[in-house]
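Residue numbers (my numbering): 5 to 357. Glycine residues also receive a C-beta, built at the ideal position from the N, C-alpha and C atoms. Encoded as C-alpha coordinates, the structure appears first; notes follow it.
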(Lines of atoms letter the chains of each structure in order from A; the text may use other names.)
(Lines give C-alpha, C1' and ligand atoms only; values in the text may rest on other atoms or scores of the structure.)
Protein backbone atom coordinates (compact mmCIF):
# COMPACT_ATOMS: atom_id res chain seq x y z
CA UNK A 5 0.00 0.00 0.00
CA UNK A 6 1.17 3.52 -0.82
CA UNK A 7 0.13 5.56 2.19
CA UNK A 8 1.05 9.12 3.17
CA UNK A 9 0.32 10.49 6.64
CA UNK A 10 0.46 14.28 6.90
CA UNK A 11 0.64 16.09 10.21
CA UNK A 12 -0.30 19.78 10.08
CA UNK A 13 0.28 21.61 13.39
CA UNK A 14 -2.46 24.23 13.85
CA UNK A 15 -4.31 22.95 10.81
CA UNK A 16 -7.33 23.12 13.12
CA UNK A 17 -8.32 26.71 13.88
CA UNK A 18 -9.01 27.59 17.53
CA UNK A 19 -12.63 26.89 18.42
CA UNK A 20 -13.34 30.50 19.32
CA UNK A 21 -12.32 31.70 15.84
CA UNK A 22 -13.07 28.65 13.69
CA UNK A 23 -16.23 29.93 12.01
CA UNK A 24 -14.71 33.27 10.99
CA UNK A 25 -11.46 31.71 9.75
CA UNK A 26 -13.11 28.91 7.80
CA UNK A 27 -15.21 31.42 5.87
CA UNK A 28 -12.01 33.15 4.70
CA UNK A 29 -10.25 29.98 3.54
CA UNK A 30 -10.08 29.03 -0.14
CA UNK A 31 -9.13 25.36 -0.05
CA UNK A 32 -11.40 23.16 -2.21
CA UNK A 33 -9.01 20.19 -2.20
CA UNK A 34 -8.73 20.30 1.59
CA UNK A 35 -12.53 20.60 1.77
CA UNK A 36 -12.87 17.42 -0.31
CA UNK A 37 -10.38 15.54 1.84
CA UNK A 38 -12.04 16.63 5.07
CA UNK A 39 -15.71 16.29 4.16
CA UNK A 40 -15.50 12.80 2.64
CA UNK A 41 -12.96 11.28 5.00
CA UNK A 42 -13.37 8.54 7.55
CA UNK A 43 -12.68 9.86 11.05
CA UNK A 44 -11.20 7.48 13.63
CA UNK A 45 -11.76 8.29 17.32
CA UNK A 46 -10.37 11.68 18.20
CA UNK A 47 -7.46 12.08 20.61
CA UNK A 48 -8.66 13.19 24.07
CA UNK A 49 -8.36 16.94 24.47
CA UNK A 50 -5.17 18.11 26.13
CA UNK A 51 -5.06 20.10 29.32
CA UNK A 52 -4.63 23.85 28.67
CA UNK A 53 -1.26 23.66 30.45
CA UNK A 54 0.06 20.51 28.71
CA UNK A 55 3.85 20.53 28.42
CA UNK A 56 3.80 19.50 24.75
CA UNK A 57 1.39 20.51 21.99
CA UNK A 58 -0.88 17.79 20.52
CA UNK A 59 1.08 17.39 17.28
CA UNK A 60 4.31 16.89 19.23
CA UNK A 61 2.69 14.38 21.57
CA UNK A 62 1.24 12.45 18.64
CA UNK A 63 4.61 12.27 16.92
CA UNK A 64 6.38 11.19 20.10
CA UNK A 65 3.83 8.40 20.58
CA UNK A 66 4.40 7.21 17.01
CA UNK A 67 8.09 6.75 17.78
CA UNK A 68 7.55 5.03 21.13
CA UNK A 69 8.38 7.86 23.54
CA UNK A 70 5.33 7.30 25.73
CA UNK A 71 6.73 7.22 29.27
CA UNK A 72 7.65 10.90 29.46
CA UNK A 73 4.30 11.95 28.02
CA UNK A 74 2.41 9.82 30.53
CA UNK A 75 4.28 11.62 33.31
CA UNK A 76 3.28 15.01 31.81
CA UNK A 77 6.81 15.81 30.69
CA UNK A 78 8.31 17.06 27.44
CA UNK A 79 9.36 14.40 24.89
CA UNK A 80 12.81 12.93 25.71
CA UNK A 81 14.54 13.89 22.47
CA UNK A 82 17.79 15.52 23.60
CA UNK A 83 20.10 12.63 22.72
CA UNK A 84 18.36 12.01 19.38
CA UNK A 85 18.75 15.73 18.62
CA UNK A 86 22.45 15.46 19.45
CA UNK A 87 22.87 12.62 16.99
CA UNK A 88 20.96 14.60 14.35
CA UNK A 89 23.64 17.30 14.73
CA UNK A 90 26.46 14.77 14.37
CA UNK A 91 27.24 14.61 18.08
CA UNK A 92 27.78 11.47 20.14
CA UNK A 93 25.85 11.61 23.42
CA UNK A 94 27.89 10.68 26.47
CA UNK A 95 26.53 8.83 29.45
CA UNK A 96 24.07 10.51 31.77
CA UNK A 97 20.97 12.65 31.34
CA UNK A 98 21.05 15.35 28.67
CA UNK A 99 18.72 18.32 28.22
CA UNK A 100 18.18 20.63 25.26
CA UNK A 101 18.94 24.29 25.95
CA UNK A 102 17.54 26.84 23.49
CA UNK A 103 18.78 30.46 23.63
CA UNK A 104 15.59 32.48 23.95
CA UNK A 105 13.92 35.82 24.55
CA UNK A 106 11.49 36.24 27.43
CA UNK A 107 9.32 39.34 27.35
CA UNK A 108 8.49 40.83 30.74
CA UNK A 109 4.98 42.30 30.79
CA UNK A 110 3.16 44.18 33.50
CA UNK A 111 1.86 41.07 35.26
CA UNK A 112 3.54 38.07 33.60
CA UNK A 113 6.40 36.92 31.37
CA UNK A 114 6.04 35.32 27.92
CA UNK A 115 8.41 33.29 25.75
CA UNK A 116 8.87 34.56 22.19
CA UNK A 117 8.74 32.14 19.26
CA UNK A 118 12.28 30.76 18.93
CA UNK A 119 11.95 30.80 15.13
CA UNK A 120 11.78 34.59 15.20
CA UNK A 121 15.01 35.04 17.18
CA UNK A 122 17.26 34.77 14.09
CA UNK A 123 20.38 34.14 16.16
CA UNK A 124 23.56 33.88 14.11
CA UNK A 125 26.19 31.24 14.77
CA UNK A 126 28.72 33.89 15.84
CA UNK A 127 26.24 35.48 18.27
CA UNK A 128 25.32 32.11 19.74
CA UNK A 129 28.98 31.12 20.16
CA UNK A 130 29.74 34.36 22.00
CA UNK A 131 26.79 33.89 24.37
CA UNK A 132 27.73 30.23 24.85
CA UNK A 133 31.27 31.22 25.85
CA UNK A 134 29.87 33.72 28.35
CA UNK A 135 27.53 31.14 29.88
CA UNK A 136 29.85 28.13 30.02
CA UNK A 137 31.87 29.14 33.13
CA UNK A 138 28.66 29.19 35.18
CA UNK A 139 27.78 25.67 34.05
CA UNK A 140 31.34 24.52 34.75
CA UNK A 141 31.10 25.97 38.25
CA UNK A 142 27.84 24.06 38.77
CA UNK A 143 29.52 20.85 37.52
CA UNK A 144 27.24 20.67 34.47
CA UNK A 145 28.65 19.82 31.03
CA UNK A 146 27.51 22.39 28.44
CA UNK A 147 27.88 21.58 24.73
CA UNK A 148 27.24 23.68 21.62
CA UNK A 149 25.03 22.00 19.01
CA UNK A 150 24.14 24.81 16.64
CA UNK A 151 23.10 28.45 16.89
CA UNK A 152 19.68 27.65 18.34
CA UNK A 153 20.39 24.41 20.17
CA UNK A 154 22.75 23.67 23.05
CA UNK A 155 22.89 20.69 25.38
CA UNK A 156 23.60 20.27 29.08
CA UNK A 157 24.31 17.08 31.01
CA UNK A 158 22.60 17.23 34.39
CA UNK A 159 22.05 13.80 35.90
CA UNK A 160 20.56 15.19 39.11
CA UNK A 161 17.91 17.18 37.21
CA UNK A 162 16.31 14.07 35.71
CA UNK A 163 13.15 14.49 37.83
CA UNK A 164 12.41 17.98 36.46
CA UNK A 165 9.18 18.40 34.51
CA UNK A 166 9.86 20.58 31.47
CA UNK A 167 7.92 21.89 28.46
CA UNK A 168 8.60 22.23 24.76
CA UNK A 169 9.18 25.86 23.74
CA UNK A 170 6.17 25.82 21.40
CA UNK A 171 3.89 24.72 24.25
CA UNK A 172 5.01 27.71 26.32
CA UNK A 173 5.24 30.26 23.51
CA UNK A 174 3.13 33.40 23.89
CA UNK A 175 1.47 32.42 27.17
CA UNK A 176 1.86 33.32 30.82
CA UNK A 177 5.13 31.49 31.33
CA UNK A 178 4.76 30.36 34.94
CA UNK A 179 2.92 27.02 34.42
CA UNK A 180 5.44 25.89 31.79
CA UNK A 181 8.64 26.58 33.73
CA UNK A 182 10.81 23.63 34.86
CA UNK A 183 9.26 22.17 37.98
CA UNK A 184 10.24 19.57 40.55
CA UNK A 185 13.25 18.46 42.54
CA UNK A 186 16.30 20.67 41.87
CA UNK A 187 14.27 23.39 40.14
CA UNK A 188 15.80 25.98 42.49
CA UNK A 189 19.29 24.89 41.41
CA UNK A 190 18.32 25.41 37.76
CA UNK A 191 16.79 28.81 38.50
CA UNK A 192 19.91 30.01 40.30
CA UNK A 193 22.15 28.91 37.44
CA UNK A 194 19.79 30.44 34.90
CA UNK A 195 19.69 33.75 36.78
CA UNK A 196 23.49 33.89 36.83
CA UNK A 197 23.61 33.42 33.05
CA UNK A 198 20.91 36.05 32.54
CA UNK A 199 22.92 38.58 34.54
CA UNK A 200 26.05 37.79 32.52
CA UNK A 201 24.14 38.37 29.29
CA UNK A 202 22.35 41.55 30.36
CA UNK A 203 24.97 43.97 29.01
CA UNK A 204 26.73 41.52 26.69
CA UNK A 205 27.98 43.08 23.41
CA UNK A 206 25.86 40.62 21.41
CA UNK A 207 22.69 41.88 23.05
CA UNK A 208 23.78 45.51 22.82
CA UNK A 209 24.26 45.12 19.07
CA UNK A 210 20.97 43.25 18.67
CA UNK A 211 19.02 45.96 20.48
CA UNK A 212 20.68 48.68 18.41
CA UNK A 213 19.40 47.05 15.21
CA UNK A 214 15.93 46.43 16.66
CA UNK A 215 16.29 42.70 17.32
CA UNK A 216 15.15 41.04 20.53
CA UNK A 217 17.97 40.45 23.03
CA UNK A 218 18.79 36.89 24.05
CA UNK A 219 17.97 36.98 27.74
CA UNK A 220 17.06 33.40 28.65
CA UNK A 221 17.64 29.70 28.11
CA UNK A 222 14.82 27.21 27.64
CA UNK A 223 15.48 23.81 29.26
CA UNK A 224 13.62 20.67 28.12
CA UNK A 225 13.78 17.26 26.42
CA UNK A 226 15.72 15.26 29.03
CA UNK A 227 16.98 11.94 27.65
CA UNK A 228 19.66 9.34 28.21
CA UNK A 229 21.95 7.85 25.59
CA UNK A 230 19.73 4.74 25.37
CA UNK A 231 16.84 6.82 24.04
CA UNK A 232 18.93 7.92 21.07
CA UNK A 233 18.43 4.48 19.50
CA UNK A 234 14.63 4.34 19.81
CA UNK A 235 12.31 3.07 18.46
CA UNK A 236 12.74 -0.68 18.19
CA UNK A 237 10.14 -0.76 15.40
CA UNK A 238 10.22 2.10 12.90
CA UNK A 239 6.61 3.01 12.02
CA UNK A 240 7.43 4.65 8.65
CA UNK A 241 9.37 3.67 5.56
CA UNK A 242 10.07 7.35 4.78
CA UNK A 243 9.84 10.74 6.48
CA UNK A 244 9.65 14.15 4.81
CA UNK A 245 10.23 17.75 5.89
CA UNK A 246 10.67 17.06 9.61
CA UNK A 247 11.87 20.32 11.15
CA UNK A 248 12.78 21.82 14.51
CA UNK A 249 13.04 19.32 17.34
CA UNK A 250 10.86 16.91 15.35
CA UNK A 251 13.73 16.44 12.89
CA UNK A 252 15.33 14.29 15.62
CA UNK A 253 12.98 11.48 14.57
CA UNK A 254 14.16 11.58 10.96
CA UNK A 255 17.23 9.33 11.31
CA UNK A 256 15.00 6.52 12.63
CA UNK A 257 13.43 6.30 9.17
CA UNK A 258 15.10 4.29 6.37
CA UNK A 259 14.50 7.23 4.01
CA UNK A 260 14.60 10.67 5.65
CA UNK A 261 14.34 13.73 3.41
CA UNK A 262 14.57 17.17 4.98
CA UNK A 263 13.09 18.83 1.89
CA UNK A 264 10.53 17.56 -0.58
CA UNK A 265 7.77 18.75 -2.91
CA UNK A 266 4.41 17.19 -3.72
CA UNK A 267 5.65 16.38 -7.23
CA UNK A 268 8.69 14.54 -5.86
CA UNK A 269 6.59 12.73 -3.29
CA UNK A 270 3.95 11.49 -5.72
CA UNK A 271 6.46 10.58 -8.43
CA UNK A 272 7.76 7.78 -6.21
CA UNK A 273 5.38 7.39 -3.25
CA UNK A 274 6.56 5.43 -0.20
CA UNK A 275 4.93 2.36 1.26
CA UNK A 276 4.15 4.35 4.43
CA UNK A 277 5.43 7.91 4.61
CA UNK A 278 5.15 10.71 7.16
CA UNK A 279 5.11 14.34 5.99
CA UNK A 280 5.28 17.34 8.32
CA UNK A 281 3.78 20.61 7.08
CA UNK A 282 4.53 23.17 9.78
CA UNK A 283 4.06 26.52 8.03
CA UNK A 284 0.93 27.26 10.11
CA UNK A 285 2.83 27.08 13.40
CA UNK A 286 4.47 30.53 13.46
CA UNK A 287 1.36 32.55 12.56
CA UNK A 288 -0.80 30.55 14.98
CA UNK A 289 1.64 30.97 17.87
CA UNK A 290 1.89 34.67 17.03
CA UNK A 291 -1.89 35.13 16.66
CA UNK A 292 -1.33 36.38 13.11
CA UNK A 293 -4.52 34.99 11.59
CA UNK A 294 -4.35 36.81 8.23
CA UNK A 295 -0.97 35.15 7.69
CA UNK A 296 -2.44 31.83 8.87
CA UNK A 297 -5.12 32.12 6.16
CA UNK A 298 -2.46 32.92 3.55
CA UNK A 299 -0.41 29.91 4.68
CA UNK A 300 -3.44 27.58 4.46
CA UNK A 301 -4.07 28.78 0.92
CA UNK A 302 -0.42 28.12 0.05
CA UNK A 303 -0.65 24.58 1.45
CA UNK A 304 -3.77 24.05 -0.67
CA UNK A 305 -1.86 24.96 -3.84
CA UNK A 306 1.44 23.27 -3.02
CA UNK A 307 0.25 20.12 -1.23
CA UNK A 308 -3.45 19.40 -0.75
CA UNK A 309 -4.47 19.82 -4.41
CA UNK A 310 -1.64 17.70 -5.91
CA UNK A 311 -2.01 15.00 -3.24
CA UNK A 312 -5.77 14.80 -3.82
CA UNK A 313 -5.06 14.44 -7.53
CA UNK A 314 -2.58 11.63 -6.80
CA UNK A 315 -5.25 9.86 -4.76
CA UNK A 316 -7.83 10.30 -7.52
CA UNK A 317 -5.39 8.98 -10.13
CA UNK A 318 -4.52 6.04 -7.83
CA UNK A 319 -0.88 7.04 -7.53
CA UNK A 320 -1.61 6.94 -3.80
CA UNK A 321 -3.79 4.35 -2.07
CA UNK A 322 -4.42 6.22 1.17
CA UNK A 323 -3.95 9.76 2.45
CA UNK A 324 -4.28 10.53 6.16
CA UNK A 325 -4.43 14.07 7.53
CA UNK A 326 -3.70 14.82 11.19
CA UNK A 327 -4.78 18.40 11.95
CA UNK A 328 -4.21 19.93 15.38
CA UNK A 329 -4.52 23.10 17.42
CA UNK A 330 -3.32 23.88 20.94
CA UNK A 331 -5.59 21.37 22.71
CA UNK A 332 -6.71 18.72 20.21
CA UNK A 333 -5.83 16.64 17.16
CA UNK A 334 -8.28 15.28 14.59
CA UNK A 335 -7.56 12.63 11.95
CA UNK A 336 -9.11 12.37 8.47
CA UNK A 337 -8.50 9.19 6.42
CA UNK A 338 -9.10 9.10 2.66
CA UNK A 339 -8.85 6.27 0.16
CA UNK A 340 -10.54 5.35 -3.13
CA UNK A 341 -13.80 4.46 -1.38
CA UNK A 342 -14.13 7.78 0.44
CA UNK A 343 -13.51 9.77 -2.73
CA UNK A 344 -16.44 8.00 -4.39
CA UNK A 345 -18.85 9.67 -1.95
CA UNK A 346 -19.74 12.21 -4.63
CA UNK A 347 -23.06 12.98 -2.95
CA UNK A 348 -21.27 14.60 -0.01
CA UNK A 349 -20.80 18.30 -0.61
CA UNK A 350 -17.27 19.64 -0.31
CA UNK A 351 -17.05 21.58 2.93
CA UNK A 352 -14.63 22.75 5.62
CA UNK A 353 -17.33 22.50 8.28
CA UNK A 354 -15.54 19.66 10.07
CA UNK A 355 -12.80 22.12 11.00
CA UNK A 356 -15.33 23.81 13.27
CA UNK A 357 -16.40 20.72 15.22
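Is residue i helix, strand or coil when you go by DSSP?
i           : result
residue 15  : coil
residue 42  : strand
residue 349 : coil
residue 314 : helix
residue 326 : strand
residue 195 : helix
residue 1   : Missing from the structure shown is residue 1; the chain here goes from 5 to 357 and no further.
residue 343 : helix
residue 59  : helix
residue 169 : helix
residue 206 : helix
residue 148 : strand
residue 183 : strand
residue 142 : coil
residue 156 : strand
residue 268 : helix
residue 106 : strand
Of the choices the options, whose alpha-carbon is the least far from that of residue i?
i           : options            : result
residue 124 : 153, 196, 82, 135  : 153
residue 192 : 282, 171, 135      : 135
residue 14  : 201, 188, 256, 291 : 291
residue 172 : 321, 112, 209      : 112
residue 83  : 117, 228, 245      : 228
residue 300 : 142, 182, 170, 26  : 26
residue 331 : 246, 32, 35, 51    : 51
residue 67  : 257, 294, 265      : 257
residue 31  : 312, 213, 328      : 312
residue 86  : 155, 287, 202      : 155
residue 69  : 261, 239, 322, 298 : 239
residue 209 : 261, 126, 267, 222 : 126
residue 42  : 267, 341, 314, 328 : 341
residue 295 : 29, 19, 20         : 29
residue 174 : 188, 261, 114, 315 : 114
Look at residue i and residue j and say whether their C-beta atoms are less than 8 Å apart.
i           : j           : result
residue 98  : residue 168 : no
residue 40  : residue 343 : yes
residue 37  : residue 325 : yes
residue 180 : residue 6   : no
residue 11  : residue 59  : yes
residue 276 : residue 241 : yes
residue 335 : residue 17  : no
residue 96  : residue 159 : yes
residue 164 : residue 190 : yes
residue 289 : residue 117 : yes
residue 254 : residue 263 : no
residue 33  : residue 351 : no
residue 283 : residue 302 : yes
residue 121 : residue 218 : yes
residue 177 : residue 194 : no
residue 267 : residue 310 : yes
To the nearest whole angstrom, what separates the beta carbons of residue i and residue j, a pair I think is in contact under 8 Å?
i           : j           : result
residue 206 : residue 130 : 5 Å
residue 246 : residue 285 : Contact doesn't hold; Cβ gap of about 13 Å is too wide.
Following a CB-centred definition, is residue i positioned closer than 7 Å to any heavy atom of the ligand PLP?
i          : result
residue 71 : Among the components modelled here there is no ligand, and therefore nothing to report on the ligand PLP.
| said: Closer than 8 Å is the cut-off here; do at least three beta carbon pairs connect the segment 100-120 with the segment 263-275? | reply: Verdict: no, contact absent.
| said: Between the segment 144-159 and the segment 72-81, can you find at least three pairs of beta-carbon atoms closer than 8 Å? | reply: Touching, no.
| query | Between the segment 290-307 and the segment 347-356, do three or more beta carbon pairs fall short of 8 Å? | reply | With a cut-off of 8 Å, the segment 347-356 and the segment 290-307 do not count as touching, because too few Cβ pairs lie within range.
| request: Inspect the CB distances between the segment 56-75 and the segment 248-256 and report whether three or more fall short of 8 Å. | output: Here the segment 56-75 makes contact with the segment 248-256; the two share three or more CB pairs at distances below 8 Å.
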